[in-house]
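Peer 1: Take this structure, written in structure tokens, and hold onto it; I'll ask about it next.
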Amino acid sequence: MKKAYGVLAGTLVALAAISIPVLAAGTASSGAQQAAQSYLPADSVLVETDWDDGLQELKYYHRDRQEVYELKLDANQALVEFDSELLDDRGSRTVTLTEQQAQQAVTNELEDAQILSTRLDYDDGLQEYEVRFQTEKLYGEYKVHPETGAVLSREIKVGASNVGATYIGREKAIQIAQQQAPGATVWECKLDRDDGFARYELELRDGLWEYEFEIDAVSGRILKSERDFD
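Numbers -24 to -1, 1 to 206, taken from mature numbering (1 follows the signal peptide of the UniProt record, and there is no 0), label the letters of the sequence shown in order.
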């Protein structure tokens, strides 16, 4: 059974949900919650919120389905990233599905998805399919059970294939990263093209703090931000 998921390509089917205790919902604004709910199955419950480098992170679950959802929204409450994971996300020792059947788990939800790669992977001794994809507006990876075809997890990022477009340039990428880590020194900045998507990957350091960023090479949007204390 299919169900539209808001503006998330307009074609995501209904996702599963979770039966875990409700946690503190934090300080998510009503606008952010309303925006997040547009991508989720009905009756999904907000269980946790956080902020990370200007992105609001919201975690949800659905009592009747065993699946967790995590969404990242920017300052304008636009979706940046959508992840899901079954509570029981184990694969299988037996593989009965073909690669083409595993790919259908993606194309059934995202009809315009271009499959970039499909491979069997091992996790804790069990096998699962990893299917990487892109559309005009999204890209990411699905993990699919190799027997049932169930979607074990989704990592979906908002963005379009941008290889060959006009890039912001290395200096601009560094400027964007240093705005998030004032005073940090740039140790590495490289342009990477992967799965039809170009991004700048940066590493910065400030004393014992280490920062890592991935920045859209065309829009300058921060795709990933991590900070570690060494």
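All C-beta atoms in this analysis are idealised placements derived from N, C-alpha and C, irrespective of residue type, glycine included.
For PRO(-4), name the three-state secondary structure that DSSP assigns.
Peer 2: With a pLDDT of only 35 at PRO(-4), under the threshold of 50, the placement of this residue in the model should not be trusted, and no figure is reported.
Peer 1: Which word fits ARG69, buried or exposed, when buried means at least 16 other C-beta atoms lie within 10 angstroms of its C-beta?
Peer 2: The residue in question, ARG69, is exposed, as its Cβ has fewer than 16 Cβ neighbours within 10 Å.
Peer 1: Hey, which unbroken runs of the beta strand (DSSP E) at 3 residues or more fall wholly within the segment 27 to 107?
Peer 2: Fully enclosed beta strand (DSSP E) runs of 3 or longer: 31 to 38, 43 to 49, 55 to 62 and 90 to 99.
Peer 1: Just mark LEU184 as buried or exposed, buried being the case when its beta carbon has 16 or more other beta carbons within 10 Å.
Peer 2: It is exposed - the Cβ of LEU184 has fewer than 16 other Cβ atoms within 10 Å.
Peer 1: By the three-class DSSP mapping on this structure, what secondary structure does ILE150 have?
Peer 2: Note: ILE150 maps to helix in three-state DSSP.
Peer 1: With a threshold of 16 other CB atoms inside 10 Å of the CB of THR74, please say whether the residue is buried or exposed.
Peer 2: When all chains shown are included, THR74 counts as exposed.
Peer 1: Can the beta-carbon of TYR36 be found less than 8 Å from the beta-carbon of LEU16?
Peer 2: Yes, they are a contact pair.
Peer 1: Alpha carbon to alpha carbon, how far is ARG181 from THR161?
Peer 2: So the two alpha carbons sit approximately 5 Å from each other.
Peer 1: Using a beta-carbon distance below 8 Å, is GLU57 in contact with chain D?
Peer 2: Of the protein chains in the structure, only one exists, and it is not chain D.
Peer 1: With distances taken from CA atoms, which of PHE173, ALA51, GLN42 and ILE144 is nearest GLU33?
Peer 2: For GLU33, the nearest C-alpha among the options comes from ALA51.
Peer 1: Quick one: residues in its chain with C-beta nearer than 8 Å to the C-beta of ALA1, no 5 flanking neighbours on either side, listed in chain order?
Peer 2: Its pLDDT being 43, under 50, ALA1 is placed unreliably in this model, and the value from its coordinates should be taken loosely. Here the set comprises LEU22, VAL23, GLU24 and THR25.
Peer 1: Looking at C-alpha atoms only, which residue of GLU131, LEU167 and ILE198 is the closest neighbour of ARG146?
Peer 2: Out of GLU131, LEU167 and ILE198, LEU167 has the C-alpha closest to the C-alpha of ARG146.
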